[in-house]
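Asks:
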Amino acid sequence: MTERLAAVTGGTGFLGSRIALALHQAGWRVRLLVHSTATHPLLAGIRPELLAGDLLDPASLAELVRDAAVVIHAAALVRASSRRAFMRVNRDGTRMLAEAVARGAGRPGFILVSSQAAREPQLSDYAASKRMGEAVAAAVLGSDGCVVLRPCVVYGPWDQEGRALLRLARRRWAPVVRPEPRIAMIHVADAAAAIASVAAHGPAAGLFELCDGRPDGYAWSELLRRIGLALGRAPHPVPVPDLLVRGAAAANQAWGMVRGRPALFGIGKAREILHRDWSGDPARRLPGTIWVPRIGLDDGLAEMVAWSRGGAGQPNFTRSALP
């Protein structure tokens with residue numbers, strides 16, 4: 004039997020590499036759109052087909068989707084210096100990929116890996132750009148021509164941004180805003196398994212959220228306590244006003260501009276953090292016949308902590324020759 008081909012963008016990133024691995028384990032042949040020949044260590048044993056290109060290059064997008072049974076768009080810009088930069092990648096790149104899919108022979112399935120942040124586009128430029136990415140995909144392919152998956156907070160091994168959360172939980176005191184936000188979580192392997200299952204079994208269209216077995220989410224102090232237990236030391240929560248969080252974000256964003264490097268924790272991210280309801284929407288869950296979460300928060304955090312203690316800093320990317 005000929006292997007089905009899955010074309011993936013963002014396949015060398017934190018979630019994207021797990022998606023590529025899950026697809027390979029499910030019997031797919033995997034093609035990745037990459038900027039360089041660097042691949043994630045998780046992909047060392049599967050030897051995906053690497054296609055050098057860019058989301059804004061029609062020629063490379065046409066080659067990416069050629070003969071594909073499904074296209075999974077997981078690439079995204081998560082930090083940028085301007086709204087325009089976010090829109091250029093997360094909106095315009097999505098539109099161009101959707102157009103390539105629409106022109107492709109056989110019309111492959113299209114799965115857009117969006118973000119729960121897209122539910123509240125007014126909060127940040129990132130959230131707005133993800134929501135616009137969803138809109139342009141639907142405009143090009145039709146609402147019945149694509150699946151939009153919104154993972155909630157994704158965590159797990161190789162999450163470089165998650166190291167900041169671990170550092171916070173290692174402190175004796177940790178800030179907590181009141182009232183506390185509800186935050187839904189999902190382990191990276193569970194999120195990847197859900198995406199691979201949708202690629203294989205459908206649905207062919209719809210908007211769904213991905214979270215673990217607690218769709219109601221976790222309070223911030225509970226998350227800190229659980230992370231602290233995994234670390235062997237739980238911090239003491241200290242209430243802080245929203246104004247202080249916003250001020251710290253503004254200062255960090257200004258410092259990032261001085262350094263010439265966009266800050267992840269800026270004004271927009273502060274608005275996202277201070278939003279009180281990031282719980283999952285039960286009406287947006289995937290049917291249990293397609294996927295159910297398997298990794299509980301405590302087990303997932305224990306795995307993440309074990310990885311963080313393994314001496315790994317930045318991923319040790321391996322080099323592969325482009326075809």
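The numbering of the sequence shown is the working numbering, which starts it at 4 and goes up by one.
Idealized CB from N, CA, C, for every residue including glycine.
Which residue marks the beginning of the alpha helix (DSSP H) containing Glu164, and which one marks its end?
Replies: Where Glu164 is concerned, there is no enclosing alpha helix (DSSP H), given that its DSSP letter is neither H nor E.
Asks: Below 8 angstroms CB to CB, which residues in the same chain sit around Cys155 once its five sequence neighbours on both sides are set aside?
Replies: Closer than 8 angstroms at Cβ, skipping near neighbours: Gln119, Ile186, Ala187, Met188, Ile189, Glu212, Leu213, Cys214, Gly220, Trp281, Gly283.
Asks: Looking at C-alpha atoms only, which residue of Gly109, His76, Thr292 is the closest neighbour of Met99?
Replies: Closest by alpha carbon: His76.
Asks: According to the Cβ coordinates, are Pro290 and Pro218 closer than 8 angstroms?
Replies: No, these two residues do not count as a Cβ contact at 8 angstroms.
Asks: Flag this pair as yes or no: are the beta carbons of Ser200 and Arg153 separated by less than 8 angstroms?
Replies: No, these two residues do not count as a Cβ contact at 8 angstroms.
Asks: First and last residue of the beta strand (DSSP E) that includes Arg153?
Replies: Unbroken beta strand (DSSP E) run through Arg153: 150-154.
Asks: Quick one: Cα of Met4 to Cα of Arg94, how far?
Replies: Residue confidence is low: Met4 scores 44 on pLDDT, short of 50, so the model does not pin down where it sits. Its coordinate-derived value is still stated next. Cα-Cα distance, rounded: 37 angstroms.
Asks: Report the three-state DSSP secondary structure of Pro184 (helix, strand or coil).
Replies: Three-state DSSP puts Pro184 in coil, outside helix and strand.
Asks: Quick one: any contact between the stretch 119-137 and the stretch 168-180, if contact means 3 or more CB pairs under 8 angstroms?
Replies: Judged by Cβ distances under 8 angstroms, the stretch 119-137 makes no contact with the stretch 168-180, as fewer than three pairs qualify.
Asks: According to the Cβ coordinates, are Leu144 and Ala105 closer than 8 angstroms?
Replies: Contact flag set, yes.
Asks: Out of curiosity, what's the CA-to-CA distance linking Ala177 and Ile114?
Replies: When rounded, the distance between both Cα atoms is 38 angstroms.
Asks: In three-state DSSP terms, what is Phe268?
Replies: If DSSP states are grouped into helix, strand and coil, Phe268 belongs with coil.
Asks: Cutting at 7 angstroms between CB atoms, please list the residues of its own chain near Lys272, excluding the five before and the five after it.
Replies: Hits under 7 angstroms: Ser127, Ala252.
Asks: Please report the distance separating the alpha-carbon of Ala108 from that of Ala71.
Replies: Going by the C-alpha atoms only, they are around 9 angstroms apart.
Asks: When DSSP labels each residue in this structure, what does Gly209 get in the three-state scheme?
Replies: Of the three classes helix, strand and coil, the one that applies to Gly209 here is strand, per DSSP.
Asks: Does the beta carbon of Ala141 come closer than 8 angstroms to any beta carbon on chain B?
Replies: Here chain B cannot be found, since the structure has a single protein chain.
Asks: DSSP has Ala203 in a bridge; who is on the other side?
Replies: In DSSP, Ala203 forms no bridge with anything.
Asks: Given Ala101, which residues of its chain have a CB within under 6 angstroms of its CB, disregarding the five upstream and five downstream residues?
Replies: Cβ neighbours of Ala101 beyond the five flanking positions: Ala140, Val143, Leu144.
Asks: Using 8 angstroms for Cβ pairs, my map puts Val11 next to Val33. What's the rounded Cβ distance?
Replies: Contact flag correct, Cβ pair sits at about 6 angstroms.
Asks: Figure out for me which residue from Gly14, Arg122, Leu26, Pro182 has the closest Cα to the Cα of Glu6.
Replies: Measuring from the Cα of Glu6, the nearest candidate turns out to be Leu26.
Asks: When DSSP labels each residue in this structure, what does His27 get in the three-state scheme?
Replies: Reduced to three states, the DSSP call for His27 is helix.
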